[in-house]
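Going from the sequence shown to the working numbering is simple: count from 1 and add 1369.
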Amino acid sequence: MTLATGIGSMPGTDFAESMRLVLDELSLPYVPELPARGVHAGMIGRTLAVLDGLEADLQPDGWRIGVGEGADLRRARSLLAQDLDVAEELATEHEGPIKIQVAGPLTLAATVERPRGDKMLADHGARREIAQSLAEGLGAHVRDVRRRFSRADLVVQVDEPAITAVLTGGIPTASGWSRHRSVHPPEADALLRVVVEAVTGAGARPVVHSCAADVPVELLAGAGFSAISFDLGLARPDDVWAETFEKGVDLWFGVLPSTDAAEVSQKAVVQRIETFFGRFGFAEETYSDRLVVTPTCGLAGASPQWARSVLVAAQSVAARR
């Protein structure tokens, strides 16, 4: 059976309302992020709240590691705990898959600053440190979430929107006059792999999402992710997709607009999916149980009405598979 889910973020500030929506409408519900409540509730703040052994605070230029636990990190941790309490109350009887999301180590390193400024991406040791901290904290976080949803199968989505820029030297330095050096694939593999192992070691399924162009499919599959979530509109139909799928890595298709748009033709969406697989000679019975339908990216920039309608549409497309 084809499933449907969202990427992570939702509009608005009412967590309980968003949680009820994803539980009611999706075959693969998730614990949503509501960044409209502030940076504490966004992807990076949410993930920093999970780290083990590293403290952070919000500075004028963004989140900075190694300056002690500030009020903003305490707020992020408090919001995460409150949201999980609400999610547990609403989904305690849920059976089947349920998803949580965290930012991946490469995107964290490209976003968060070192104690003296500039991104952690600038230093090999700092990159390794934040990946290890994420892995340690994520293992404990996953075990806590599994306890809360004892009847569910937990999926952990690792968000890597910056991965292509990190690998190609596209992240600007603090001055803006130059770019950080690219992270080579062997190091990127090691940073991702330690996070994947933490997820699987805690009894959950690791999935990676990137809404960037030129997703490094081989790297992500090689690091151990069991599925790759991507924007179909940005993906070139290279043979690497077929080879990866044949090796057992599932594909999650971002095929529905994540911001308000004209009415979407579900028939056209189904045809796009069939065309993609058809190029490689895959019949429907070979992929229908390994396909997840999603919006192209998070829904934080959508209106509440569109967020609801696009999730309903995703589930409807999945039901037609």
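By construction, the Cβ of each residue, glycine as well, lies at the ideal position given by its N, Cα and C atoms. Keep in mind that this is a model prediction, so the values were computed, not measured.
With DSSP as the reference, please indicate the residues paired to residue i in a beta bridge.
i     : result
W1432 : L1427
P1541 : R1548
I1532 : DSSP lists no partner for I1532.
S1598 : H1578 and W1621
Q1470 : Q1526
Y1656 : Y1656 pairs with nothing; no bridge assigned.
E1402 : S1378
G1465 : A1521
Comparing alpha-carbon positions, which option in the options lies nearest residue i?
i     : options                       : result
A1611 : S1634, G1647, V1565 and G1473 : G1647
L1346 : G1465, A1637, R1443 and G1508 : This structure does not reach residue 1346, given that the chain is present from 1370 up to 1690, and the question cannot be answered.
V1638 : R1689, P1541, V1408 and E1458 : R1689
I1499 : G1473, E1566 and V1584        : G1473
A1385 : R1446, E1653, A1460 and V1408 : A1460
H1463 : R1389, L1490 and R1496        : R1389
D1513 : I1597, A1604 and A1456        : A1456
G1591 : T1655, F1518, R1485 and A1557 : A1557
S1396 : T1569, E1643, D1522 and I1540 : D1522
P1484 : T1382, E1438 and D1528        : E1438
G1539 : S1551, W1546 and D1528        : S1551
V1408 : S1378, K1616 and I1642        : S1378
H1493 : P1555, F1518 and A1509        : P1555
T1628 : G1667, M1489 and T1663        : G1667
V1661 : V1576, K1616 and R1605        : V1576
Are the CB atoms of residue i and residue j nearer to each other than 8 Å?
i     : j     : result
L1392 : P1398 : yes
V1487 : T1542 : The identity of residue 1487 in the sequence shown is Asp, whereas the question assumes Val. In this structure, T1542 lies closer than 8 Å to D1487 by Cβ.
G1414 : A1445 : yes
P1530 : C1580 : yes
I1597 : V1618 : yes
T1663 : T1374 : yes
H1553 : I1376 : no
L1561 : A1582 : no
V1586 : T1613 : yes
L1503 : H1549 : no
S1672 : P1404 : no
A1410 : L1453 : no
Where does the unbroken alpha helix (DSSP H) through residue i begin, and where does it stop?
i     : result
A1478 : P1474 to T1480
R1517 : H1493 to R1517
P1575 : Counting along the chain, P1575 falls outside any alpha helix (DSSP H), though it belongs to the beta strand (DSSP E) covering R1574 to S1579.
D1452 : A1440 to A1460
D1608 : D1608 to E1615
V1639 : Q1635 to R1648
E1556 : P1554 to G1570
A1630 : Careful: A1630 lies outside any alpha helix (DSSP H) and carries neither H nor E.
M1388 : F1384 to E1394
M1489 : From DSSP, M1489 is part of no alpha helix (DSSP H); its letter is neither H nor E.
R1483 : Run containing R1483: none; DSSP gives neither H nor E here.
A1418 : Element bounds for A1418: n/a, residue is neither H nor E.
Please report the Cβ distance between residue i and residue j, rounded to the nearest whole angstrom; I am assuming they are in contact, meaning their Cβ atoms lie under 8 Å.
i     : j     : result
V1633 : A1682 : 6 Å
L1601 : G1623 : 6 Å
R1433 : V1471 : The pair is not a contact, with the Cβ atoms about 19 Å apart (cut-off 8 Å).
R1574 : V1525 : 7 Å
V1584 : F1599 : 5 Å
L1340 : A1478 : This structure gives no information on residue 1340, because the portion of the chain shown stretches from 1370 to 1690.
S1685 : Q1635 : 6 Å
G1508 : A1567 : 4 Å
Since residue i is in the beta strand (DSSP E), which residue starts that stretch and which ends it?
i     : result
V1661 : L1660 to P1664
I1376 : It is not in any beta strand (DSSP E) - I1376 carries neither H nor E in the DSSP assignment.
V1624 : D1619 to L1625
L1523 : A1521 to D1528
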